[in-house]
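Numbering (my numbering), first residue to last: 5 to 246.
Shown next as structure tokens:
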């Protein structure tokens with residue numbers, strides 16, 4: 005059957021992008037988390053300075069990784085709801101046109117990464133033992149420095165930082181892909197505002213027992229874990245009929 009308007013197609017593109025984002029982010033988390041756990045454990049000393057930056061690191065990391073998992077799950081939920089909205093849209097048009105012949109099939113397959121809900125977090129602390137004693141023949145220097153030296157493993161820190169940067173890039177790239185099909189309404193037309201309202205209300209109506217997806221809070225204590233984005237500030241841009 006012929007469909008008069010193709011305004012529903014963005015729903016399926018939106019769903020496909022969000023589904024791909026959910027998979028890619030989760031895969032990257034699974035790839036880097038074991039190495040971050042291994043290398044990050046005990047890479048700071050337990051002196052005053054080591055405790056201070058190690059505690060800050062632990063707090064930021066154990067917020068960032070779970071929130072990255074939640075973001076992957078949120079994109080999966082968004083994909084499912086956007087796909088459902090698209091199916092409802094084309095079905096409504098088919099019914100409105102008389103419902104003759106077979107109902108039109110969706111142009112894309114359903115999302116595959118809807119329900120994961122596995123959090124990665126509670127990693128071992130980065131605070132560990134101090135380094136070996138300082139040995140020197142300079143009179144009084146050992147007494148001034150103390151027996152145990154503060155320990156900060158900058159090699160491990162650099163590797164872990166690079167792993168987190170890799171995860172950040174995946175999040176940013178796929179978020180940009182999702183946002184190609186959505187934007188905040190701002191000072192927009194009533195038509196766009198209607199689309200924003202109906203899309204977000206449909207996409208964020210969580211099933212029973214599922215917490216409502218919310219924009220994640222990203223820690224900003226470390227440059228490798230500072231990400232700013234909002235998964236809720238999206239709506240579909242309606243394409244021109246072709």
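Quick reminder that beta carbons are idealized off the backbone N, C-alpha and C, glycines included.
{"Check": "Could you tell me which of 122, 102, 127, 90 sits nearest to residue 109, measuring between CA atoms?", "Outcome": "90"}
{"Check": "Please confirm if the stretch 112-130 is in contact with the stretch 71-89, defined as three or more CB-CB distances below 8 Å between the two stretches.", "Outcome": "yes"}
{"Check": "If residue 124 sits next to residue 70, beta carbons under 8 Å apart, how far is it from one beta carbon to the other, in whole angstroms?", "Outcome": "7 Å"}
{"Check": "Does the stretch 25-43 come into contact with the stretch 158-174, if we say contact requires no fewer than three beta-carbon pairs (one atom in each stretch) closer than 8 Å?", "Outcome": "yes"}
{"Check": "Under three-state DSSP, which class holds residue 78?", "Outcome": "helix"}
{"Check": "Check the DSSP bridge columns for residue 86 and list the partner residues they point to.", "Outcome": "Partner(s): none; residue 86 has no beta bridge."}
{"Check": "Are the CB atoms of residue 95 and residue 107 nearer to each other than 8 Å?", "Outcome": "yes"}
{"Check": "Is the shortest distance between the beta-carbon of residue 127 and the beta-carbons of chain B less than 8 Å?", "Outcome": "In the displayed structure, chain B is absent; only one protein chain is listed."}
{"Check": "Can you tell me which of 144, 134, 19, 59 puts its alpha carbon nearest to the alpha carbon of residue 126?", "Outcome": "59"}
{"Check": "Which of helix, strand or coil does DSSP assign to residue 3?", "Outcome": "Nothing in the structure corresponds to residue 3, since the chain is present only between 5 and 246."}
{"Check": "Kindly give me the distance between the Cβ atoms of residue 54 and residue 175, rounded to whole angstroms, as I take these residues to be in contact under 8 Å.", "Outcome": "Going by Cβ atoms, the distance from residue 54 to residue 175 rounds to 29 Å, so no, they are not a contact pair."}
{"Check": "Rounded to whole angstroms, what's the CA-CA distance from residue 47 to residue 157? Just pull it up for me.", "Outcome": "5 Å"}
{"Check": "Below 8 Å between beta carbons: does that hold for residue 39 and residue 168?", "Outcome": "no"}
{"Check": "Note down, in chain order, each residue of its chain lying with its Cβ closer than 6 Å to the Cβ of residue 27, except the 5 sequence neighbours on either side.", "Outcome": "117"}
{"Check": "What are the start and end residues of the alpha helix (DSSP H) that includes residue 171?", "Outcome": "158-183"}
{"Check": "Enumerate in chain order the residues of its own chain whose CB-to-CB distance from residue 31 is below 7 Å, with the five nearest sequence positions on each side excluded.", "Outcome": "none"}
{"Check": "Cutting at 7 Å between CB atoms, please list the residues of its own chain near residue 93, excluding the five before and the five after it.", "Outcome": "12, 15"}
{"Check": "Excluding sequence positions up to five away, which residues of its chain have a Cβ less than 8 Å from the Cβ of residue 181?", "Outcome": "21, 24, 25"}
{"Check": "Tell me the rounded alpha-carbon separation between residue 57 and residue 66.", "Outcome": "14 Å"}
{"Check": "Buried or exposed, going by whether 16 or more other CB atoms sit within 10 Å of the CB of residue 239?", "Outcome": "With a pLDDT of 32 at residue 239, under the threshold of 50, the predicted position of this residue should be treated as unreliable, though the coordinate-derived value follows. When all chains shown are included, residue 239 counts as buried."}
{"Check": "Where residue 76 and residue 61 are concerned, what is the direct C-alpha to C-alpha distance, given to the nearest angstrom?", "Outcome": "22 Å"}
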